[in-house]
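Take any residue in the sequence shown, note its place counting from 1, add 14, and you have its number in the numbering used here.
C-beta atoms are modelled at their ideal positions from N, C-alpha and C, and glycine is treated no differently.
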Amino acid sequence: MIRTVFWENDSVRMIDQKALPGAEKIITYKDYRKVAGAIRDLTVRGAPAIGVAAALGIALGTLRSPAPDRRRLRADFNRICREFAGTRPTARNLFWAIERMKRRFADLLGDKGLDLEAVRWGLVEEAIRIGEEDIEANRRMGAYGKGFVPEGGGVLTHCNAGALATAGYGTALGVLRAAWADGKRFHVFVDETRPVLQGARLTCWELVKEKIPATLITDSMAGALMAQGRINAVFVGADRIAANGDTANKIGTYSLAVLARAHKIPFYVAAPLSTVDLSLLSGKDIPIEMRHASEVTGFAKARTAPEGIGVFNPAFDVTPSRYISAIITDRGVAKKPFSRSLPRLVNLTGLPG
Ligand code: MRU
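See the structure below:
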């Protein structure tokens, strides 16, 4: 199994996603600031994986804090949480994980029977649990979603919503994995996903490893394939889902959803409930990260655009819920109207939205 980000020997360890597919390197972090840096520079990426990395990083920072009393440990913990909250703005799972770590810290600190060491290790246990639960959530999503994968057909996916984007197994790719393990046979088309190439570098790496037949295309080829009748369903992940089902995901997802509608192809989003943000009524309030121009002006370190050109480089776009056929979550499948089905699923689990 691919382990994306995990705790080992009192350190945070993660696979270096910037080095894939050329090299499989595991990086070991003993300093929480470096974990925050790894989120910022995309060494670890994908909404659930970012959440798990932040939880482990918060635990690491608090474990190594020299604070001699409860008051100073709380100050250190809050400072570390703020640092992680500032890494990337769009993925809901990051803020969900920070909030969960804050609740656990308050409980541990409030227990006067625990000394500071026990409080620190209690946080490590919570962060490890968040990672384990993420893998379980992905497996449940696979079980709920595999029925939507068309037997003998073609499916299209965008970005990387696989094991690498989570603690393991994956969301949209987890659904395809579950269908494949069940004996369904289909062909996966993978959008290369400009500008950072998560599809070409990461999704293709996972599919080749798994021996699931797949074909890489550039993003602009999806419409032609759909027109030829070679795509029977689209599966994507999500970075944040508003209460009405509007979904932020990797830039280019919206165009795919519109294309899918024009060709009457079902369009599925797979995401755990930790990606759902019920505090936002619609997608227009989802903060969209803008990334550096250099991602667009060049390709594989070679400059392709002239100096002086302006660049538009949002990392994500928002797909209006009317284009989404269903949202596959870890607690069941949400159908339209999402403004009713999503809160029902969140409330069923008692999870804070
Ligand atoms: O910029 P990234 O690589 O972090 O963007 C990731 C995506 O957009 C994924 O599709 C999303 O996080 C879902 S992953 C399970």
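- Per DSSP, ALA256 is one residue of the beta strand (DSSP E) stretching across 254 to 256.
- ASN23 carries a coil assignment under DSSP once its states are collapsed to helix, strand and coil.
- Taken atom to atom, the span from the alpha-carbon of ALA33 to that of LYS126 is near 45 Å.
- Here ASN361 is exposed. Its C-beta has fewer than 16 other C-beta atoms within 10 Å.
- Excluding five sequence positions before and after GLU97, the CB atoms of its chain that fall closer than 6 Å to its own CB belong to ALA50, given in chain order.
- According to DSSP, ALA262 shares a beta bridge with ARG254, VAL332.
- DSSP, read as helix, strand or coil, puts TYR183 in coil.
- Under the 8 Å Cβ criterion, the stretch 299 to 306 counts as touching the stretch 96 to 115, having at least three qualifying pairs.
- It is roughly 10 Å from the alpha-carbon of VAL332 to the alpha-carbon of ALA256.
- Between ASN152 and the set ALA63, CYS95, VAL138, the nearest pair of CA atoms involves ALA63.
- Within the same chain, ASP260, GLY297 come within 7 Å of PRO334 by CB-CB distance, once the 5 residues on both sides are set aside.
- Annotation for ASP90: SER79, ALA81 place their beta carbon closer than 6 Å to its own, counting only its chain and skipping 5 residues before and after.
- In the DSSP assignment, ILE231 forms a beta bridge with ASP205.
- For the pair ILE16 and ARG27, the CB atoms are not nearer than the 7 Å cut-off.
- When the alpha-carbon of ALA67 is set against those of ARG84, ARG85, CYS95, ARG88, the nearest one is in CYS95.
- DSSP places PHE109 within a helical segment (H, G or I) once states are collapsed to three.
- Rounded to whole angstroms, the gap between the alpha carbons of PHE249 and PHE281 is 6 Å.
- ALA284 is not a Cβ neighbour of PHE330, given a cutoff of 7 Å.
- Note on SER288: 16 or more other CB atoms within 10 angstroms of its CB, so buried under the neighbour-count rule.
- Of all C-beta pairs linking the stretch 189 to 203 to the stretch 159 to 167, three or more are shorter than 8 Å, placing the two stretches in contact.
- Cβ neighbours of LYS44 within its own chain (closer than 6 Å, five residues either side excluded): SER25.
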